[in-house]
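Okay, structure first, notes after.
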Amino acid sequence: MTNYIVALVLGGFFGFSLNKAGLTKYNKIVNVFRFTDMAVLQFMMTALVVAMSGLFALRGLGLITFPAIPATYVAGNVIGGLIFGVGMALTGF
Amino acid sequence: MKFILNYIRKEVWSPYVAGVLLGLVGIAAVWISNSLLGASGAFENLAGLIGKAAAPTLFDNMYFNFIMPPGITVSVILLVGVFFGGMVGAATSGTLKWGKKGSANSDEQWKRIFGAQTWKRWLLAFIGAIILEYAAGIAGGCTSGLAISGGMLLAPAAFLFIAGMFASGIVTALIIYRKNY
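In order, the protein sequence lines correspond to chains A and B. Counting in the numbering used here, the first sequence tops out at residue 93, every number present. Counting in the numbering used here, the second sequence tops out at residue 181, every number present.
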C-alpha cells in the first residue's frame with residue numbers, strides 16, 4: 001500500500017516537472033527535431049546528470065542498491081528507438 | 001519565499017530547473033521504492049488486463065504472461081500521479097481550463113502544419129500513440145522509462161534508444177516540414 005502512495009506522489013512530481021518544462025506541448029517536442037528549441041534535450045540531460053550523479057554517489061555511500069537496469073539488446077533498442085522517433089515527431093508526446 | 005511562489009506560477013520554467021526536479025524525483029524513486037519511473041509499461045499492464053478479460057486465448061502468450069504481466073501495477077498508479085501532477089502544474093500557471101472551445105487542438109504550430117480540424121489532431125494522436133507504444137514495447141521502455149530512468153543508471157540500452165529516437169525524429173520532422181524545416 002505504501003508503495004502505491006509513494007508511486008502516486010512521485011508520479012505527481014514527475015507530471016508536474018514535465019508540465020512546467022513545457023513537454024506537454026506539441027511544439028516543444030517537435031522543435032527539438034528541427035533544432036529550433038532545445039528545451040527537451042536541456043530538460044532530459046539535466047535530469048540525467050542530476051540523477052546519475054546523485055544515484056552513483058548514494059550507491060558509493062552504500063545507501064542504495066540499483067534496481068535491475070533495462071536490458072541491452074542492441075537491435076531491439078535501436079529499432080524501437082527508430083520507430084519511437086516517428087511517433088514522437090508526429091504527435092508530440 | 002515570494003520568489004519561489006512566483007516561480008511556481010510561471011507557465012514555462014527554465015528546462016534546467018524542471019530537469020533538476022525530475023532528476024531528484026528519479027533519485028527518490030530508486031531510494032524510497034527501489035523502482036524506476038516509466039510510463040509506457042503501465043499501458044501494457046492495463047491492455048493486458050483488458051485483453052485477458054476480453055480475449056483470454058489471444059492474450060495467453062509469453063509477452064503478456066511473463067514480460068508485461070497484466071494488473072494494476074505500481075507503474076499504473078505512477079501514471080495516475082503523472083496525470084494529476086500535470087494538472088496541478090497547469091493549475092498553478094492558470095492554464096487549466098475545462099471544456100474550452102478548441103482546446104483539443106490548441107497548438108498553433110500543429111494547426112499551421114496539419115490544419116485546424118480537431119478530428120485530424122485526434123486521428124494523428126491515435127495513430128502516433130500506437131506507433132509510440134509499439135516501439136516502446138520493442139525497445140523495452142519509452143522516453144521516461146528507458147531513456148531517462150535507464151540513462152541515469154548508465155544503461156547502454158538507454159543511449160542506443162536516444163540515438164535511434166533522435167535519428168528518426170529528425171528525419172520525420174524533415175519530411176513533415178519540408179521547406180519550412
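Every residue, glycine too, gets a C-beta built ideally from N, C-alpha and C. Just so it is clear, the structure is predicted and the values come from calculations on it, not from any experiment.
query                                                                                                              : result
With 16 other Cβ atoms within 10 Å as the buried cut-off, status of I4(B)                                          : exposed
Where the region 79-92 of chain A meets chain B: residues whose CB sits under 9 Å from a CB there                  : I79, G80, G81, L82, I83, F84, G85, V86, G87, M88, A89, L90, T91, G92
Within chain B, the residues that L18(A) reaches when beta carbons sit closer than 7 Å                             : G86
C-alpha gap between M45(A) and T57(B), whole angstroms                                                             : 43 Å
Best match in M1(A), L8(A), Y4(A) for proximity to F84(B) [C-alpha to C-alpha]                                     : L8(A)
Test: M68(B) CB closer than 9 Å to a CB of chain E                                                                 : Of the protein chains in the structure, A and B, none is chain E.
Proximal residues of chain B, C-beta to C-beta of G76(A) below 8 Å                                                 : I138, A139, G140
Chain A contact for A90(B) (CB, 9 Å cutoff)                                                                        : yes
Span of the alpha helix (DSSP H), counted from its first residue to its last, around M165(B)                       : 156-177
Neighbour flag for G60(A) against chain B, beta carbons, 9 Å                                                       : no
Spatial neighbours of G169(B) in its chain, beta-carbon cut-off 6 Å, leaving aside the 5 residues before and after : none
At least 3 beta-carbon pairs within less than 8 Å: the region 167-181 of chain B vs the region 57-77 of chain B    : no
Min CB distance S75(B) to chain A below 9 Å                                                                        : yes
The alpha helix (DSSP H) enclosing A125(B), as first and last residue numbers                                      : 118-139
For I113(B) and M152(B), the rounded distance between their alpha carbons                                          : 35 Å
Chain B contact residues for M44(A), given Cβ-Cβ distances below 9 Å                                               : P15, G19, L22, T143, A147, I148, G151, I162
Within chain A, partners of S190(B) - CB distance below 8 Å                                                        : Residue 190(B) lies beyond the stretch modelled for chain B, which goes from 1 to 181, so this question has no answer here.
F3(B), DSSP secondary structure in three states                                                                    : helix
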